[in-house]
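*Asks:* Got a structure for you, written out below as structure tokens; questions coming shortly.
Numbering (this note's numbering), first residue to last: 145 to 391.
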């Protein structure tokens with residue numbers, strides 16, 4: 145079995161904010177589970193059958209596609225239904241599955257905030273590895289204080305992939321990542337900051353943590369909707385200030 149420690153997150157309402165598009169919206173969430181820690185090099189290596197150079201550091205240089213494949217592999221190891229199916233690089237989330245998956249960004253922010261309403265859930269020096277620490281790589285998970293849900297490193301150390309598309313009208317298939325990394329300053333290491341990258345992208349400060357929880361329905365759950373994604377892809381309105389289109 146893959147040793148992934150999960151914390152139960154109660155349902156509730158989370159307010160999301162896309163600063164570039166000057167858009168705010170609220171999401172009602174059902175209870176779910178999420179990893180206490182980001183997936184580590186050791187856990188990734190166990191699934192892939194490779195050596196881990198720094199076993200307790202977050203697994204980074206991991207693309208979004210590799211992250212969702214990891215989720216399915218971990219589900220298979222633990223005898224759970226797979227959350228995802230694949231048609232080439234097109235990925236479908238089966239929202240009623242109880243297998244490991246990436247959190248939606250609404251789930252991620254709700255879990256990260258743990259009831260806090262400010263940009264961080266505690267003083268950054270205490271809760272997050274950032275540029276202020278002068279480190280040159282992600283640090284072992286759990287080295288700073290957790291939030292009130294008992295989650296470590298949701299801010300700082302490594303950005304974390306989510307399930308959601310960033311902006312399909314402007315950035316096609318780019319997926320969201322959240323939380324900030326070890327080389328980022330306080331402006332980026334905030335609970336509300338949204339960034340993203342292509343599904344095959346990998347960087348030295350982007351990793352992921354897993355979630356679990358199945359829900360009624362087929363194409364919508366926990367703040368995500370396939371229909372909304374399709375509608376957003378057709379949005380041909382003006383670009384927000386400072387926005388650079390992918391093409």
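Beta carbons are placed, not taken as given, at the ideal position from N, Cα and C, and that holds for glycine.
Quick one: what's residue 309 bridged to in DSSP?
*Replies:* 319
*Asks:* Could you name the residues of the same chain whose beta carbon sits closer than 8 angstroms to that of residue 147, not counting the 5 residues immediately before and after it, in chain order?
*Replies:* 187
*Asks:* Can you give, in chain order, each stretch of the alpha helix (DSSP H) that sits fully within the region 336–369 and has at least 4 residues?
*Replies:* The region 336–369 contains no whole alpha helix (DSSP H) run of 4 or more residues.
*Asks:* Closest to residue 239 by CA distance: which of 174, 266, 180 is it?
*Replies:* Ranked by Cα distance from residue 239, the options 174, 266, 180 are led by 174.
*Asks:* Can you check which of these residues, 327, 314, 185, is closest to residue 377 by C-alpha distance?
*Replies:* When each option's Cα is compared against that of residue 377, the closest is 314.
*Asks:* Do you know offhand how far residue 200's Cα is from residue 301's?
*Replies:* 12 angstroms
*Asks:* How would you write the range of the alpha helix (DSSP H) that residue 219 sits in, first residue to last?
*Replies:* 208–221
*Asks:* Measure the alpha-carbon distance for residue 203 versus residue 216 and round it to whole angstroms.
*Replies:* Straight across, the Cα-Cα distance linking residue 203 with residue 216 is about 17 angstroms.
*Asks:* What does the Cβ neighbour count give for residue 236, buried or exposed, with the cut at 16 atoms within 10 Å?
*Replies:* Exposed, because fewer than 16 other Cβ atoms sit within 10 Å of the Cβ of residue 236.
*Asks:* So what does DSSP say about residue 162, is it helix, strand or coil?
*Replies:* strand
*Asks:* Note the first and the last residue of the continuous alpha helix (DSSP H) segment covering residue 257.
*Replies:* 249–257
*Asks:* Could you check where the beta strand (DSSP E) with residue 171 kicks off and where it finishes?
*Replies:* 167–173
*Asks:* Which whole-angstrom value describes the C-beta separation of residue 179 and residue 149, a residue pair presumed to lie in contact below a C-beta threshold of 8 angstroms?
*Replies:* 7 angstroms
*Asks:* For residue 190, which three-state DSSP category applies?
*Replies:* helix
*Asks:* Using the Cβ count rule (16 or more neighbours within 10 Å means buried), how would you classify residue 391?
*Replies:* Any answer about residue 391 is weak, because its pLDDT of 48 lies below 50 and its placement is not dependable; what the coordinates show is given next. Exposed is the call here.
*Asks:* Could you check whether residue 225 and residue 243 sit closer than 8 angstroms to each other, using their CB atoms as the reference points?
*Replies:* yes
*Asks:* Compare the Cα-Cα distances from residue 295 to each of 332, 325, 252 and report the closest residue.
*Replies:* 252
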